[in-house]
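All remarks here apply to the structure that follows.
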Amino acid sequence: MPPIATLSQPVLEKARTALQHNMASILMDRAAKQVASLQHQLASLVASNSFVQQLVKLSAITDIYNNNHLQELALAVIPFDLIDSQVESHWKTQEASTDTNTHYSKDDLFVKYLLKWFKNSFFTWTNKLPCPSCHNSDQSQIALVGHAQPTAVEKSDGDAGSVEIYRCAKCRHQYRFPRYNSPAKLLETRQGRCGEWANCFYLILHSLGMVDVRYVWNLEDHVWTEYYSTNFQKWIHLDSCEEAYDQPLIYCNNWGKKMSYVVAIGPLGMRDVSKRYIDMSTSKDKQLPRTKVSEKNLFKVLQFLDLRKKISYMRNTGDDLKIYQMFVRDIQEMKWLQNHDGVDSLVGDMGEKGRISGSKDWKAQRGENGGKK
């Protein structure tokens, strides 16, 4: 056999690919055995712990987006010409600049301008739904008077989970605001609060063929998204409500929000990412107690759910090279999370103190106004 130094690049690449295929096969076999073992170990915990049951349900939250029709609907609303022109303009400016601190790839820039378009031109934040009868939008003249169960039509048309009932003080009309969960319906209504925003934006990201997208859930009632940047070699935080790009500490250091559990879910896995979003470098007061389940059992539960998603992806796609890359990436992420000791952000300035989206009273009730009165 000739020495490695004399082998051609195509031969080396072929050998590397074959090795990755073999490693992926070994890793998947090991994962299947771990899942079987963990399923047996965790059976009683899953049956008895409501928080663990919530995590199990969350593990399937991104499955709905693996739908070709849904993705076609999302692609149809994206203004590709506009965003591509913005990317090219930014790229030329960046290439001509002598600043080498942050160099965005074109994929990164596309996500940045997609986020900008979604926030400023596509989706609308809804505090109190304007009156459909007299078109009154004066928030002081609209009152939330109760909640109701969704009708059969609201369920079938948009998978509504709950309905808010409002009364207009000007025309006395009482009307409904269904909180839709169907991403297809949200492409039509284009309105809502953080749940609807994250739901719809995740679909749009996923429709671009980005498997490396995660839906991020926080127990204290907020959700957002992440995507993996191969350029920066890390997961990038995205909050479409705030047009926030890679500002993971915006919640605890800007909003003043205290959190306990933060979990990321995607087609290729599930992970506790609390350390990325809760800044413990200056004060432990920013983290709420984590008492829903022991840390040891939490690790096992998330490991089980993570490996189960990887096995499912492999069976559905046969893309073992992607699985191999994901295992390698997971190891890198776990090391970072275990040794987290500072801010991992491309953005230093977190902006004006307090949350942008939402009414003043609503933000104050949620403890997300940055301490403003």
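If you count the sequence shown from 1, position 261 lands on 261 in full-length UniProt numbering, and the numbers rise without skipping.
Glycine included, C-beta positions come from ideal geometry on N, C-alpha and C.
Residues near LYS185 in its chain [Cβ-Cβ closer than 8 angstroms; skip 5 each side]: ASP157, GLY158, ASP159
Taking the beta carbon of THR225 as the centre, do at least 16 other beta carbons fall within 10 Å, making it buried, or is it exposed? buried
Minimum C-alpha distance to HIS237 - residue among LEU219, SER274, GLY256: SER274
Return the CA-CA distance between ALA18 and PRO10, expressed in angstroms with no decimal places. 12 angstroms
How many Å lie between ASN47 and VAL216 at the Cα? Correcting the residue type first, residue 47 is Ala in the shown sequence and not Asn. One C-alpha to the other measures close to 24 angstroms.
Per-residue DSSP class, three states only, for PHE122: helix
Less than 7 angstroms between C-beta atoms, sequence neighbours within five positions excluded: which residues of the same chain meet that for MET314? MET28, ASP320, ILE323
Please classify ILE64: does DSSP put it in a helix, a strand, or coil? helix
May I ask which residues mark the beginning and end of the beta strand (DSSP E) holding TRP217? 213-218
Should CYS252 go down as buried or exposed, given a rule of 16 or more other Cβ atoms within 10 Å for buried? buried
From LYS170 to PHE177, what distance separates their C-alpha atoms? 18 angstroms
The beta strand (DSSP E) enclosing TRP235, as first and last residue numbers: 234-239
Quick one: Cα of GLN139 to Cα of PRO130, how far? 8 angstroms
Give every residue of the same chain whose Cβ lies closer than 7 angstroms to the Cβ of LEU73, excluding the five residues on either side of it in the sequence, and list them in chain order. ALA184, LEU187
First and last residue of the uninterrupted beta strand (DSSP E) at VAL293: Neither: VAL293 is in no beta strand (DSSP E) and is coded neither H nor E.
Counting only runs of 4+ residues fully inside the region 165-219, write out the alpha helix (DSSP H) ranges in chain order. 183-189, 194-207
Buried or exposed by the 16-neighbour rule on C-beta atoms within 10 Å, applied to LYS300: buried
DSSP three-state label for VAL273, please. coil
Apply the 10 Å Cβ neighbour rule to SER121 and answer buried if 16 or more other Cβ atoms are within range, or exposed otherwise. exposed
Given a threshold of 16 other Cβ atoms within 10 Å of its Cβ, counted over all protein chains shown, does PHE80 qualify as buried or as exposed? exposed
If you run the structure through DSSP and keep just helix, strand and coil, what is residue 427? Residue 427 falls outside the range modelled here, since the chain spans only 1 to 373, and no answer is possible.
Determine, using beta carbons only, whether PHE110 and ARG190 come nearer to each other than 8 angstroms. no
State the DSSP-derived secondary structure class of THR230, mapped to helix, strand or coil. coil
Member of THR151, TRP336, TYR175 whose CA lies at the smallest distance from the CA of ILE142: TYR175
By how many angstroms is the C-alpha of CYS241 removed from the C-alpha of GLY358? Model confidence at GLY358 stands at a pLDDT of 48, short of 50, so the residue's coordinates are unreliable and nothing is read from them.
Given this structure, state the Cα-to-Cα distance separating THR100 from GLN94, to the nearest angstrom. 9 angstroms
Quick check on LEU144: buried or exposed, where buried means 16 or more other Cβ atoms within 10 Å of its Cβ? exposed
Going straight from the alpha carbon of GLU295 to that of PRO289, what length do you get? 12 angstroms
Using 10 angstroms around the beta-carbon of GLY266, count the other beta-carbons present and answer buried if the total reaches 16, otherwise exposed. buried
VAL163 and ALA152: beta carbons closer than 8 angstroms? no
Which same chain residues end up closer than 6 angstroms to LYS112 when comparing Cβ atoms and leaving out the 5 residues on each side of it in sequence? TYR245
Applying the 10 Å Cβ sphere with the 16-neighbour rule, what's the burial state of THR291? exposed
Whole-number beta carbon distance between TYR227 and LEU205, since they are thought to touch under 8 angstroms: 6 angstroms
Identify which residue in TRP235, GLU88, PRO248, TRP91 has its Cα closest to the Cα of MET210. TRP235
Start and end residues, alpha helix (DSSP H) containing LEU82: 80-96
Less than 7 angstroms between C-beta atoms, sequence neighbours within five positions excluded: which residues of the same chain meet that for CYS194? HIS222, VAL223, CYS241
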